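Top line first, the protein sequences correspond to chains A and B. Read in the working numbering, the first sequence has 88 at position 88, and its numbers run on one by one without any break. Read in the working numbering, the second sequence has 178 at position 64, and its numbers run on one by one without any break. We put the CB at the ideal spot given by N, CA and C, even for glycine. Given the structure is predicted, the values throughout are model-derived calculations rather than measurements. This report refers to the structure that appears directly beneath it.
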Amino acid sequence: SAVISQKPSRDICQRGTSLTIQCQVDSQVTMMFWYRQQPGQSLTLIATANQGSEATYESGFVIDKFPISRPNLTFSTLTVSNMSPEDSSIYLCSVEGLAQETQYFGPGTRLLVL
Amino acid sequence: DAKTTQPPSMDCAEGRAANLPCNHSTISGNEYVYWYRQIHSQGPQYIIHGLKNNETNEMASLIITEDRKSSTLILPHATLRDTAVYYCIYTGTYKYIFGTGTRLKVLA
Numbered sequence: 001s002a003v004i005s006q007k008p009s010r011d012i013c014q015r016g017t018s019l020t021i022q023c024q025v026d027s028q029v030t031m032m033f034w035y036r037q038q039p040g041q042s043l044t045l046i047a048t049a050n051q052g053s054e055a056t057y058e059s060g061f062v063i064d065k066f067p068i069s070r071p072n073l074t075f076s077t078l079t080v081s082n083m084s085p086e087d088s089s090i091y092l093c094s095v096e097g098l099a100q101e102t103q104y105f106g107p108g109t110r111l112l113v114l
Numbered sequence: 115d116a117k118t119t120q121p122p123s124m125d126c127a128e129g130r131a132a133n134l135p136c137n138h139s140t141i142s143g144n145e146y147v148y149w150y151r152q153i154h155s156q157g158p159q160y161i162i163h164g165l166k167n168n169e170t171n172e173m174a175s176l177i178i179t180e181d182r183k184s185s186t187l188i189l190p191h192a193t194l195r196d197t198a199v200y201y202c203i204y205t206g207t208y209k210y211i212f213g214t215g216t217r218l219k220v221l222a
């Protein structure tokens with residue numbers, strides 16, 4: 001399975017600022033995904049980030065708030081812009097697995113916005 | 115939305131089999147069933163997946179009913195480290211819709 005790392009692992013930020021989260025995978029993958037997990041909730045897909053194309057956002061998520069970069073086949077970033085306390089969540093990236101739409105998840109970035 | 119129904123919580127004695135049910139009555143013919151677990155807010159861990167045949171790997175077994183409307187994840191000999199939230203998902207694409215899952219507590 002792929003080894004995925006995320007930076008930072010956690011952060012505390014002030015409202016109105018932005019944070020960029022990095023996701024690095026140890027092998028080349030076409031598809032990467034970004035999820036949000038709000039406190040006590042399940043995971044929600046934010047967007048799909050394929051190398052060489054614009055990210056595809058799910059309903060309720062917009063590029064201005066969550067810009068995504070995918071410069072190569074092993075790396076992606078998610079920025080949480082103009083943060084508010086409601087953005088306090090765990091943000092996770094995942095990548096395609098080897099078999100039928102399986103996914104491998106990173107460890108997550110725990111964000112607290114004050 | 116591809117919603118599944120799972121009991122919110124279950125307890126299991128250490129060393130016993132844990133049987134976690136999932137209802138996916140609106141599953142389509144080309145959609146697979148996937149099981150993941152999440153331990154202490156870490157990233158979800160893939161467990162197993164299947165289409166219509168029962169599947170087994172080193173972690174678990176997956177039993178899918180003949181009409182494919184429900185499935186059961188079986189952890190044959192649960193340990194304390196299996197305490198986690200278990201998610202059942204069905205999809206034919208990479209678009210995962212996570213439900214609330216089952217919080218499994220393995221008791222010593």
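Alpha-carbon to alpha-carbon, residue j and residue i
i: N171(B); j: P85(A); result: 42 Å
i: P117(A); j: S184(B); result: In the structure displayed, chain A extends from 1 to 114; residue 117(A) sits before or after that span and is not available.
i: T288(B); j: V220(B); result: With chain B represented from 115 up to 222, any question about residue 288(B) goes unanswered, as that position is not in the structure.
i: P135(B); j: A174(B); result: 13 Å
i: T56(A); j: K166(B); result: 30 Å
i: E101(A); j: Y208(B); result: 5 Å
i: S89(A); j: I12(A); result: 11 Å
i: K117(B); j: I203(B); result: 8 Å
i: S9(A); j: D181(B); result: 43 Å
i: S1(A); j: E96(A); result: 10 Å
Element boundaries [beta strand (DSSP E), containing residue i]
i: N133(B); result: 132-137
i: E96(A); result: 89-96
i: M124(B); result: 123-127
i: M32(A); result: 31-37
Contact set between residue i and chain A, taken where Cβ atoms lie within less than 8 Å
i: Q156(B); result: P107, G108
Interface partners of residue i on chain B, CB under 7 Å
i: E101(A); result: Y146, T205, T207, Y208
i: I179(A); result: One cannot answer for residue 179(A) here, as it falls past the ends of chain A, which runs 1 to 114.
i: L92(A); result: G157
Neighbour list for residue i in chain A, Cβ cutoff strictly below 9 Å
i: Y160(B); result: S1, G97, T102, Q103, Y104, F105
i: G213(B); result: S42
_Contacting positions in the region 32-51 of chain A - beta carbon closer than 9 Å to chain B_ = The region 32-51 of chain A vs chain B, Cβ under 9 Å: F33, Y35, Q37, Q41, S42, L43, T44, L45, T48.
*Below 8 Å, can you find three or more Cβ-Cβ pairs linking the region 103-114 of chain A to the region 12-31 of chain A?*
Yes: at least three Cβ pairs fall under 8 Å.
*asked:* Quick check: the region 183-198 of chain B against the region 129-144 of chain B, are at least 3 beta-carbon pairs closer than 8 Å?
replied: Enough Cβ pairs lie closer than 8 Å, so yes.
*According to a CB-to-CB cut-off of less than 9 Å, which residues of the region 127-143 of chain B neighbour chain A?*
Cβ contacts with chain A come from no residue of the region 127-143 of chain B.
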